[in-house]
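Colleague:
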Amino acid sequence: MDQQLKIYCKKHKKYQARYFNVSEEAFQELKCEECITEENSSLKDHLSIEIINICDDDQIFPNWPPVNDIKLLKNISSIMIKENETLEELDLQFQQMIADILKIIEEMKKKWYSYLTNKNQQKVEILNSYNEISGKERLKQLINFTQQTMEDQLNDLRFKFNEHIADQLIIGVLNENNLSLPLSSSCQGKAFGKSNLFCGGQVVKGSYFQEIKKDQVIEMRIDIQNKKLQFLDYPNYQNINELQDCHNNLNQNNKHNEIEEINEEEEHEEKDDKQDAEQNYDKEMEEQEQIEEIQF
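For the sequence shown, this note's numbering gives the first residue as 398, with consecutive numbering after it.
Right, here's the structure in full:
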């Protein structure tokens with residue numbers, strides 16, 4: 398800050414001037430403390446040089462500038478003081494209001510947080526109780542296990558026909574009792590499962606897969622309830638090929654062969670019995686003749 402210029406009194410040259418005389422009739426404008434004492438002057442007609450030097454923009458001097466009605470300056474000063482006080486008071490009031498509102502909001506927040514926490518805890522407890530009573534997790538495990546098992550089984554029953562055997566080999570199901578039997582030229586196939594109660598017998602080579610293309614995925618389904626063996630072109634599931642007719646024909650042929658074998662065995666046994674009876678009769682007749690010859 399620049400050093401303040403020192404102004405000295407014209408009358409008392411050793412003293413610094415302290416006041417500025419604002420009276421229109423003033424003979425000497427700048428006065429020191431000694432001048433005020435000697436003249437017994439009233440300070441209402443003087444303005445402090447120090448106040449002038451340190452005043453702010455909102456400073457209102459009580460006796461400057463010179464006006465006819467001094468009350469005007471007082472009114473201006475009063476208005477500024479009230480406005481400043483009003484702004485400060487308004488600011489304080491709003492700050493207090495904001496603080497009170499924030500306090501209320503914080504209390505409401507705590508109450509709602511506590512309420513929702515309790516409600517959520519109650520929901521969790523109710524849900525846990527329901528899940529425990531209903532055995533939901535156990536049901537999910539059973540369903541998932543069954544579904545996974547079904548998917549695994551279906552994946553196991555899916556296979557591809559390659560370019561070498563697509564029109565030659567049919568993969569099917571053989572009865573466990575027939576696994577050791579050789580496959581004849583009219584009954585070509587390959588064992589896919591070791592045992593099946595309802596779809597036993599050999600899968601024959603035929604025209605069931607004429608529409609199957611190279612590397613086409615085939616899904617085999619075993620309908621145990623209806624005793625059917627089906628092949629489907631996965632994933633379209635079209636051109637369903639059923640081997641039930643062939644299976645039935647094979648079963649009928651097997652039964653017919655079994656019946657013929659039984660009939661042949663019975664005929665053979667009857668023939669043997671007849672021969673034995675005839676031999677016994679001839680033997681008895683021969684013995685009777687020998688006895689009669691001895692008696693004579």
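Ideal Cβ placement from N, Cα and C applies to all residues, glycine included.
#1: How is H409 classed by DSSP in three states: helix, strand or coil?
#2: Of the residues F417, K468 and Q676, which one's Cα is nearest the Cα of H443?
#3: In terms of DSSP beta bridges, what is Y416 paired with?
#4: Measure the beta-carbon distance from I404 to L427 and round it to whole angstroms, keeping in mind my assumption that it falls under 8 Å.
#5: Just how far apart, CA to CA, sit H409 and T434?
#6: Given Q538, which residues of its chain have a CB within under 7 Å of its CB, disregarding the five upstream and five downstream residues?
#7: From the beta carbon of H665, is the nearest beta carbon of chain D less than 7 Å away?
#8: Does DSSP put K403 in a helix, a strand or coil?
#9: Output the distance between the C-alpha atoms of N677 and N660, rounded to the nearest integer angstrom.
#10: Near K411, what residues of its chain come up, given a Cβ to Cβ distance below 8 Å and the 5 sequence neighbours on each side ignored?
#11: Taking only the alpha-carbon atoms, compute the straight-line gap between E663 and M682 and give it to the nearest angstrom.
#12: For C452, count neighbouring C-beta atoms within 10 Å of its own C-beta (all shown protein chains included) and say buried if the count is 16 or more, exposed if not.
#13: May I have the straight-line CA-CA distance separating K508 from E486, to the nearest angstrom?
#14: Going straight from the alpha carbon of S474 to that of K407, what length do you get?
#15: Measuring alpha carbon to alpha carbon, tell me which residue in F491, S531, N472 and R415 is nearest S445.
#16: If you run the structure through DSSP and keep just helix, strand and coil, what is D453?
#17: Report buried or exposed for S526, applying the criterion of at least 16 other Cβ atoms within 10 angstroms of its Cβ.
#18: Quick check: what's the CA-CA separation for Y512 versus I502?
#19: Are there 16 or more other CB atoms within 10 angstroms of the CB of K557, so buried, or fewer, so exposed?
#20: Roughly how many angstroms lie between the CA atoms of E504 and I530, to the nearest whole one?
#21: Taking the straight line between their C-alpha atoms, what separation do you get for L536 and Q518?
#22: Since C432 contacts Q413 with CB under 8 Å, what's their CB separation in whole angstroms?
Modeller: To lay it out plainly:
#1: In the structure shown, the three-state DSSP call for H409 is coil.
#2: In this structure, F417 is the residue among F417, K468 and Q676 with its C-alpha nearest to the C-alpha of H443.
#3: Paired residue(s): K428 and S445.
#4: At roughly 6 Å, the Cβ-Cβ gap stays under 8 Å, so I404 and L427 are in contact.
#5: The alpha-carbon atoms of H409 and T434 are separated by roughly 12 Å.
#6: By the criterion of a C-beta distance shorter than 7 Å, Q538 is surrounded by no residue of its chain, once the five residues flanking it on both sides are discounted.
#7: Any reference to chain D falls outside this structure, which holds one protein chain only.
#8: Secondary structure of K403 (DSSP, three-state): coil.
#9: Using only the alpha carbons, I get a separation of about 25 Å.
#10: Around K411: Y405.
#11: The straight-line gap from Cα to Cα measures roughly 28 Å.
#12: C452 should be labelled exposed.
#13: Their backbone Cα atoms lie some 33 Å apart in a straight line.
#14: The alpha-carbon atoms of S474 and K407 are separated by roughly 33 Å.
#15: The residue with the shortest Cα to Cα distance from S445 is R415.
#16: D453 carries a coil assignment under DSSP once its states are collapsed to helix, strand and coil.
#17: When all chains shown are included, S526 counts as exposed.
#18: Taking the CA atoms as reference points, Y512 sits about 15 Å from I502.
#19: Here the model assigns K557 a pLDDT of 46, short of 50, so the residue's position is not dependable and the matter cannot be decided.
#20: If you take the alpha carbons of E504 and I530, they lie about 39 Å apart.
#21: If you draw a straight line from the Cα of L536 to the Cα of Q518, it comes to about 25 Å.
#22: No, C432 and Q413 are not in contact; Cβ-Cβ is about 11 Å, not under 8 Å.
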